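Please read the structure below before turning to the comments.
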Amino acid sequence: MTIGLSFLLGLLASSVSYFMIGLWWPAAVVVGLFAWLAFALLDVKMDSTFTLLGGLLLVFCVSLSAMVFRASDQLSGLQYIDTQSEDGIEFRYPVPLLGNARYGEAVYKAHGCAACHTQQVTHESVVLDVKALTGEKNHAAVEEAISRFRNVTGRDASSGAGFPIGEWETVENALDAADASKARNFLAAAGASVDVQVRFRGEDLTQHDRQNPRGRGWGKRRSVAQDYLFAEPPMLGSVRIGPDLANVGVRHSRDVLMRILLNPKTFRKNSKMPQHRFLFKKAGKDEQGQHIIHDGEETYKPTKDAEALVDYLLSLKSANYPLPEAPINQPYTSSMPKPAPAPAEAPDATKADEAGK
Amino acid sequence: MSSEPKEDKASIDPREAVDRSCCGPVLFLAFSAVAWLLVYSLFALLAGVKVHAAGMMADSAWMAYGRIQPASQLALQFGFLVQLGLAVSAWILSHRGKTVLVDGGYLIFGGMLWNAGVTLGFLGILSGDASGLVGLQMPGNVLPLLFFGFALVGLSLVQTNNRRTDEEMSPAQWFLFAATLWLPWVLGGSYLLIHFFHAKGVVANIVDWWFIQNFARVYLTFVGLGTLFHFLSALSGRELVGRGYAQFAFWLLLLFGSVGGVSPGAPVPAWLPALSTITAVFYFFGVIAAWVSLTRTVNGASAANDEDSLAYNLMRLTALVFISVSILNVLFAFPGPGSVAEFTTYGPAMELLFKLGFVGLTLIAALYHIFPRLAGVDLSPTMTRVQTMAIVLGLIGASLPTALGGLMSGDAVLGSGFYFASLGNLFIFVGSLILFLNFLGAIRVAMKNCDCFASLFGKDDTKEASA
Numbered sequence: 002m003t004i005g006l007s008f009l010l011g012l013l014a015s016s017v018s019y020f021m022i023g024l025w026w027p028a029a030v031v032v033g034l035f036a037w038l039a040f041a042l043l044d045v046k047m048d049s050t051f052t053l054l055g056g057l058l059l060v061f062c063v064s065l066s067a068m069v070f071r072a073s074d075q076l077s078g079l080q081y082i083d084t085q086s087e088d089g090i091e092f093r094y095p096v097p098l099l100g101n102a103r104y105g106e107a108v109y110k111a112h113g114c115a116a117c118h119t120q121q122v123t124h125e126s127v128v129l130d131v132k133a134l135t136g137e138k139n140h141a142a143v144e145e146a147i148s149r150f151r152n153v154t155g156r157d158a159s160s161g162a163g164f165p166i167g168e169w170e171t172v173e174n175a176l177d178a179a180d181a182s183k184a185r186n187f188l189a190a191a192g193a194s195v196d197v198q199v200r201f202r203g204e205d206l207t208q209h210d211r212q213n214p215r216g217r218g219w220g221k222r223r224s225v226a227q228d229y230l231f232a233e234p235p236m237l238g239s240v241r242i243g244p245d246l247a248n249v250g251v252r253h254s255r256d257v258l259m260r261i262l263l264n265p266k267t268f269r270k271n272s273k274m275p276q277h278r279f280l281f282k283k284a285g286k287d288e289q290g291q292h293i294i295h296d297g298e299e300t301y302k303p304t305k306d307a308e309a310l311v312d313y314l315l316s317l318k319s320a321n322y323p324l325p326e327a328p329i330n331q332p333y334t335s336s337m338p339k340p341a342p343a344p345a346e347a348p349d350a351t352k353a354d355e356a357g358k
Numbered sequence: 030m031s032s033e034p035k036e037d038k039a040s041i042d043p044r045e046a047v048d049r050s051c052c053g054p055v056l057f058l059a060f061s062a063v064a065w066l067l068v069y070s071l072f073a074l075l076a077g078v079k080v081h082a083a084g085m086m087a088d089s090a091w092m093a094y095g096r097i098q099p100a101s102q103l104a105l106q107f108g109f110l111v112q113l114g115l116a117v118s119a120w121i122l123s124h125r126g127k128t129v130l131v132d133g134g135y136l137i138f139g140g141m142l143w144n145a146g147v148t149l150g151f152l153g154i155l156s157g158d159a160s161g162l163v164g165l166q167m168p169g170n171v172l173p174l175l176f177f178g179f180a181l182v183g184l185s186l187v188q189t190n191n192r193r194t195d196e197e198m199s200p201a202q203w204f205l206f207a208a209t210l211w212l213p214w215v216l217g218g219s220y221l222l223i224h225f226f227h228a229k230g231v232v233a234n235i236v237d238w239w240f241i242q243n244f245a246r247v248y249l250t251f252v253g254l255g256t257l258f259h260f261l262s263a264l265s266g267r268e269l270v271g272r273g274y275a276q277f278a279f280w281l282l283l284l285f286g287s288v289g290g291v292s293p294g295a296p297v298p299a300w301l302p303a304l305s306t307i308t309a310v311f312y313f314f315g316v317i318a319a320w321v322s323l324t325r326t327v328n329g330a331s332a333a334n335d336e337d338s339l340a341y342n343l344m345r346l347t348a349l350v351f352i353s354v355s356i357l358n359v360l361f362a363f364p365g366p367g368s369v370a371e372f373t374t375y376g377p378a379m380e381l382l383f384k385l386g387f388v389g390l391t392l393i394a395a396l397y398h399i400f401p402r403l404a405g406v407d408l409s410p411t412m413t414r415v416q417t418m419a420i421v422l423g424l425i426g427a428s429l430p431t432a433l434g435g436l437m438s439g440d441a442v443l444g445s446g447f448y449f450a451s452l453g454n455l456f457i458f459v460g461s462l463i464l465f466l467n468f469l470g471a472i473r474v475a476m477k478n479c480d481c482f483a484s485l486f487g488k489d490d491t492k493e494a495s496a
């Protein structure tokens with residue numbers, strides 16, 4: 002191998018060991034030098050089976066530890082966490098599947114629902130809202146900082162005036178990480194208290210209505226690893242021929258889900274979903290009751306499998322409850338009423354850092 | 030290693046002795062592979078039709094879309110690609126090493142175990158015993174069977190490679206040797222982590238993605254590239270140019286192909302998708318290096334032998350497919366385009382193009398060259414032409430409209446791409462049916478002529494039943 006190629010390989014080896022495996026940098030340099038020497042100066046020929054075998058084993062270990070073991074280490078500490086429902090009732094999350102739903106998960110797995118449905122709500126971007134609070138002393142400086150910030154970022158600078166005194170007020174909404182950081186620096190330098198709110202955005206998270214025709218309303222927040230603590234295994238899926246089901250328990254009732262399973266076209270005309278008549282039995286003519294479903298001329302009643310599957314689907318509400326790593330409308334912490342008055346607080350650096358990731 | 034047995038037989042007519050040793054085992058694996066291709070294309074056709082004919086077979090749980098689609102993928106990947114890959118690897122390793130295939134019986138026995146494993150996995154998925162993971166859909170219990178089946182075949186291949194006449198190994202040998210070792214490691218590792226140590230929560234998915242990535246980007250790519258490295262130089266009658274490039278490509282593809290494959294929005298720690306983007310970019314440098322070496326070798330050359338022109342041209346086409354898919358892959362590895370394509374039918378369409386369009390067609394082209402030498406009879410030239418055309422056209426129909434439709438929809442609502450896909454699947458089905466009949470017919474003629482089949486190929490019936 003030529004000197005140039007082997008040098009490139011050495012460079013790669015050291016950058017991999019530094020950036021991916023996280024080796025101490027001198028160690029990474031040594032690894033790179035070693036790889037360079039091995040390939041160029043000592044001229045390792047790929048003739049011996051043992052050279053190949055050794056290299057393969059090394060790469061295999063690197064691959065396994067860099068991707069699987071590192072992730073497993075990080076995620077092994079996941080535990081129950083406190084969250085609250087819309088009504089403000091606190092509970093421990095995630096909730097294990099109960100009763101029939103546990104069997105329903107097996108039905109979901111057996112019929113391969115994951116071939117068309119994902120169970121992961123994603124976000125596309127993060128935006129930041131900036132609020133500020135100023136006293137009388139710094140007021141002029143803060144107003145000037147606001148208009149300077151708007152000038153720098155190409156916004157309408159005229160509206161900087163008239164910033165209220167002694168009240169939290171929004172400076173700018175929906176900023177990207179770089180602009181939010183600028184705004185924070187400008188305002189903090191002018192002596193104002195600054196608070197930054199992080200919001201996740203994406204088509205999955207936007208409600209579907211007239212203003213947002215592309216919105217899907219599949220969840221209130223993105224899915225995170227915590228949601229799948231008890232899933233066996235998490236059926237994340239990779240293709241969305243149908244809608245995402247991570248939060249389906251919130252969207253549909255038992256009745257609708259049954260009808261969709263039997264004949265999806267009664268629910269949505271252009272549905273691509275195959276019918277699942279095998280989950281239903283034909284009902285007798287004189288049978289009555291809530292569980293009877295009409296499809297054209299025929300009447301059906303659900304089997305045990307269908308009941309369990311719908312129980313499972315109704316239990317899927319993961320994207321509905323806030324978590325620290327995936328908040329829903331995370332509040333402005335500084336502007337919340339506090340027991341003791343705290344007018345000037347140091348700017349919260351950690352949040353903006355989080356958003357920058 | 031000692032090379033006495035090779036000396037004895039090969040001194041008479043080396044190539045013939047090598048082919049004679051390969052004949053039974055290689056054709057056994059190749060035949061099972063072709064049968065699995067037929068199974069794949071039938072089930073892929075059914076699955077595709079079910080998307081636009083919602084009421085079809087709605088009373089049968091065994092024929093639910095969510096079962097036949099993963100089952101067809103299993104047939105394609107483990108039934109067809111891996112077995113034909115092993116068959117072609119065995120032939121190339123013994124030809125390149127100028128030595129007889131060592132312990133061909135291992136190939137047959139291992140191949141039987143492998144076929145039993147794939148059959149059980151296939152039936153397991155259809156009967157509702159799937160694992161729920163995207164890459165390793167088959168029930169966990171069949172993985173050890175697959176592992177030992179592959180290990181037995183691998184044992185024979187590694188021994189054959191160790192007995193090579195020239196000490197120096199060529200790029201084709203590195204790639205095929207590495208692939209032969211890599212799959213059992215990855216398969217065994219995933220089995221242990223998922224089913225034995227019961228990886229909790231999304232860790233199971235991470236292991237699954239790790240397997241998918243290693244299977245496609247390392248194992249299948251190495252089999253495909255190894256075959257191209259051998260045949261493109263052998264069929265054009267030229268020496269391989271740019272050994273250094275090949276070596277560079279080998280290590281780069283191995284290192285960066287074995288890590289990554291996590292989609293941008295996945296509910297896992299954020300460094301995993303970021304790492305996947307980085308590895309995809311570095312991986313692409315390896316692809317370029319391999320491409321440079323291949324194009325410089327075949328630059329302007331045509332097949333040295335007229336009989337091989339179909340195989341040679343098909344391989345040049347698959348090399349083109351390889352580079353095109355790789356360019357698209359690296360583009361869509363970035364978070365921006367990646368999140369547009371994520372979860373759409375673009376992903377499966379590209380996978381199909383890569384698996385069947387690059388690896389599958391390369392191996393089929395290799396089979397066109399190998400088969401007459403082993404069986405002593407030619408495949409029917411007309412049928413061969415028709416089946417090749419049908420599969421190539423079918424691939425275009427099955428992958429491109431779905432990929433475009435997926436990109437344009439960016440949503441759950443899909444357009445007419447599925448109708449084209451079904452048409453494409455129909456062509457692939459017709460193509461693989463003709464390939465199967467073609468193969469079967471030629472084998473029957475060969476069995477009458479040649480006695481070496483009678484002993485080694487006596488168990489023909491069990492395999493047909495399993496398929």
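Sequence order for the protein chains is A and B.
Numbering-wise, the numbering used here puts 280 at position 279 of the first sequence, and it's gapless, one number per residue.
Numbering-wise, the numbering used here puts 107 at position 78 of the second sequence, and it's gapless, one number per residue.
For every residue, glycine included, the Cβ atom is placed at its ideal position computed from N, Cα and C.
Nothing here was measured: the structure is a model prediction, and the numbers come from that model.
List, in order along the chain, the chain B residues whose C-beta lies closer than 8 Å to that of His-112 (chain A)? Ala-90, Ala-93, Gly-95, Arg-96 and Gly-157
Requested in this report: Please list the partners that Arg-278 (chain A) has in chain B, where partner means a Cβ-to-Cβ separation under 7 Å.
Outcome: Ala-87 and Asp-88
With a threshold of 16 other CB atoms inside 10 Å of the CB of Gln-212 (chain A), please say whether the residue is buried or exposed.
exposed
Could you tell me which residues DSSP pairs with Ala-327 (chain A) in its beta bridges?
A:Leu-324
Margin query: Comparing C-alpha positions only, which one of B:Gly-434, B:Phe-151, B:Leu-464 and B:Val-327 sits nearest to Met-418 (chain B)?
Written below: B:Leu-464
- Query: Over what stretch of residues does the alpha helix (DSSP H) that includes Phe-189 (chain B) continue unbroken?
  - Reply: A small fix is needed here, since residue 189 (chain B) is Thr in this sequence, not Phe. Looking at the DSSP string, the run of the alpha helix (DSSP H) that includes Thr-189 (chain B) is 171–191.
>> Contact defined as beta carbons within less than 8 Å: I believe Val-297 (chain B) pairs with Ala-226 (chain A). What is the distance between those atoms, to the nearest angstrom?
In response: 6 Å
Checklist entry - Cβ atoms of Arg-193 (chain B) and Gly-255 (chain B): under 7 Å apart, would you say? => result no
Practice problem: Kindly give me the distance between the Cβ atoms of Val-66 (chain B) and Phe-107 (chain B), rounded to whole angstroms, as I take these residues to be in contact under 8 Å. | Solution: The sequence shown places Leu at residue 66 (chain B), rather than the Val named in the question. Wrong, their Cβ atoms sit about 12 Å apart, outside the cutoff.
Have a look at Gly-367 (chain B) and Pro-293 (chain B) and give me their C-alpha separation to the nearest angstrom. 7 Å
Could you check where the beta strand (DSSP E) with Arg-272 (chain B) kicks off and where it finishes?
Note, Arg-272 (chain B): premise wrong, no beta strand (DSSP E); alpha helix (DSSP H) at 272–286.
Interface flag, Thr-50 (chain A) vs chain B, CB-CB below 7 Å: yes
Secondary structure, beta strand (DSSP E): runs of 3+ residues fully inside the segment 182–236 of chain A = 194–202
Reducing DSSP to helix, strand and coil, say where Glu-400 (chain A) ends up. Since the first residue of chain A shown is 2 and the last is 358, residue 400 (chain A) is not available in this structure.
query: Is there a Cβ from chain A that is less than 7 Å from the Cβ of Pro-430 (chain B)?
result: no
Next item on the list: Could you tell me whether the Cβ of Lys-318 (chain A) comes closer than 7 Å to any Cβ of chain B?
Entry: no
Quiz item: Using the beta-carbon count (16 or more within 10 Å), is Cys-117 (chain A) buried or exposed?
Solution: buried
request  = Below 7 Å CB to CB, which residues in the same chain sit around Gln-188 (chain B) once its five sequence neighbours on both sides are set aside?
outcome  = Val-131 and Asp-132
| said: Let me see if you follow: with CB-CB separation under 7 Å, is Pro-235 (chain A) close to chain B or not? | reply: yes
- Message: For Gln-80 (chain A), count the other beta carbons within 10 Å of its own beta carbon; 16 or more makes it buried, fewer makes it exposed. Which is it?
- Response: exposed
On a Cα-Cα basis, can you pick out the residue from B:Tyr-312, B:Ala-82, B:Tyr-69 and B:Ala-76 that is closest to Ser-272 (chain A)? B:Ala-82
| request: Assign Asp-335 (chain B) to one of three DSSP states: helix, strand, or coil. | output: helix
**Request:** Determine the contact status of Ala-362 (chain B) and Thr-306 (chain B), defining contact as a CB-CB distance below 7 Å.
**Result:** yes
- Message: Please tell me whether Ala-181 (chain A) and Val-131 (chain A) are closer than 7 Å, where the distance is taken between their beta carbons.
- Response: yes
* To do: Whole angstroms is fine: what's the gap from Val-474 (chain B)'s alpha carbon to Leu-455 (chain B)'s?
  => 29 Å
Go through its chain and collect everything with a Cβ distance to Ala-327 (chain A)'s Cβ below 7 Å, but skip five positions before and after it. Arg-222, Arg-223 and Val-225
**Item:** Residues of its chain near Gly-293 (chain A), where Cβ-Cβ distance is below 7 Å and the 5 sequence neighbours each way are ignored
**Value:** It is Ile, not Gly, that sits at residue 293 (chain A) in the sequence shown. So the qualifying residues of the chain are Ala-284, Thr-300 and Lys-302.
### Query
Who does Ile-82 (chain A) pair with in a DSSP beta bridge?
A:Tyr-94
Item checked: chain A within 7 Å of Trp-239 (chain B), Cβ atoms only -> yes
Close Cβ partners of Ile-242 (chain A) (< 6 Å) along its chain, the five nearest in sequence each way excluded:
Cys-117 and Lys-273
Practice problem: Give the DSSP bridge partners of Lys-229 (chain B), in chain order. | Solution: BP columns for Lys-229 (chain B) are empty, so no partner.
Limits of the beta strand (DSSP E) - the one that Phe-281 (chain A) falls within:
281–283
Q. Name the chain A residues whose beta carbon is nearer than 8 Å to that of Thr-374 (chain B)?
A. Val-240 and Ile-242
task: Give the single residue among B:Pro-168, B:Pro-410 and B:Met-437 whose Cα lies nearest to the Cα of Asn-467 (chain B).
output: B:Pro-410
Contact list for Pro-377 (chain B) against chain A, beta-carbon separation under 9 Å = Ser-239 and Val-240
Exercise. Applying a beta-carbon distance threshold of less than 9 Å, which residues of chain A neighbour Ala-6 (chain B)?
Worked result: Because chain B in this structure spans residues 30 to 496, residue 6 (chain B) falls outside the shown range and cannot be described.
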